[in-house]
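*Asks:* According to this note's numbering, the sequence shown is numbered sequentially starting from 29.
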Amino acid sequence: MIKTEICVNSDNFISQSVSSAYIGGADTIELCSQMHLSGLTPGKKEIIKARKAFEDRSGLMVMIRNRAGNFNYTKIEISEMCNQIKLAAECKANGVVFGPLSENNNVDIDSLKRCVDISKSLDLLVTFHRAFDATPNPLETLEILIEYGVDRILTSGTKWNENKSAVDGVDILNKIINSAENKIEVVIGGGIAQNNVVKILEKLLNKSNKISFHAYSSVLVNGAANLALVKAFVETVKNYK
């Protein structure tokens, strides 16, 4: 079955937003801070609030990104991220989300291995975020991520910073899903909404593979995830045949 994920900004509406995602039936949430900077690592208090609001559902994914800007991190920054991964685990998160790249936007293998190894030692699922879309060859990147034990990738099928949605990336998404061969979950994000998710579903060639849809701004009302919009989005995906 195709799954759904709601991205939640760890602001003043965190409990309300996570509760809406939970009651609305989302399989997972991606918890971030400062979404105006494309999402950074949330604080300890926010992770604890999210865990409480998402109750016992095993789907709390925490963003691990300690600064805005590019995805090329120093060794000190990677060490900070490893500490943030430990904190997420202490706060009962189920997974973490990160994406270290080299200066030429290929995967930073050494940093990836450090982050994956510590995540796996703490029994956390690993998602490689949309830094995936900044890499020059997504299919080669996919193979590397599978090799190093990444569980999920977040992608729009379009180039990072091109300001396009996943609707524009369906051809690449099909290639990624086919190449993934169920070895890794493909989380489709980037402008996803109830009113366009069916268009994407209709064009996906292999819907039996591990696929999720990730929504953020389309389910917001006055800055918080809205229960009715979350529920409508989730049901649209779940009921698609």
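We put the beta carbon where it would ideally sit given N, CA and C, even for glycine.
#1: Here's the rule I'm using: 16 or more other beta-carbon atoms within 10 Å means buried, otherwise exposed. How should Pro164 be labelled?
#2: Whole beta strand (DSSP E) runs in the stretch 137–210 with 3 or more residues, listed along the chain?
#3: Spatial neighbours of Thr183 within its chain, please: CB distance less than 6 Å, with the 5 preceding and 5 following residues excluded, ordered by chain position.
#4: For Ala117, which option in Leu150, Asp136, Cys110, Asn133 has the closest C-alpha, if you only look at C-alpha atoms?
#5: Unbroken beta strand (DSSP E) runs of length 3 or more, entirely within the stretch 215–258: which are they?
#6: How big is the Cα-Cα spacing for Ile172 and Asn122?
#7: Among Glu83, Lys73, Gly97, which residue has its Cα nearest to the Cα of Gly67?
#8: Per the DSSP calculation, Val46 is bridged to which residue(s)?
#9: Considering only DSSP beta bridges, list what Gly123 is partnered with.
#10: If I follow the unbroken beta strand (DSSP E) through Lys269, where does it start and stop?
*Replies:* Quick look at the numbers:
#1: Position 136 of the sequence shown, counted from the first residue, corresponds to residue 164. Flag for Pro164 reads exposed.
#2: Entirely contained in the stretch 137–210, the beta strand (DSSP E) runs reaching 3 residues are, in chain order, 153–156, 180–183.
#3: To locate residue 183, count along the sequence shown from 1; it is residue 155. Leaving aside the five residues that flank Thr183 on each side, the residues in its chain whose CB is nearer than 6 Å to its CB run, in chain order, Phe160, Asp161.
#4: If you number the sequence shown from 1, residue 117 lands on position 89. Comparing Cα positions, the closest option is Leu150.
#5: Qualifying beta strand (DSSP E) stretches, in chain order: 239–243.
#6: Taking the first residue of the sequence shown as position 1, residue 172 is located at position 144. Taking the first residue of the sequence shown as position 1, residue 122 is located at position 94. Their Cα atoms are separated by approximately 23 Å.
#7: Residue numbering aside, residue 67 sits at position 39 when the sequence shown is read from its first letter. Cα-wise, what sits closest to Gly67 is Gly97.
#8: Mapped onto the sequence shown, residue 46 falls at position 18. Under DSSP, Val46 shares a beta bridge with no residue.
#9: As a first step, residue 123 must be located in the sequence shown, where it is residue number 95. Gly123 is bridged to Met89, Leu153.
#10: Within the sequence shown, numbered from 1, the residue matching residue 269 stands at position 241. Where Lys269 is concerned, there is no enclosing beta strand (DSSP E), given that its DSSP letter is neither H nor E.
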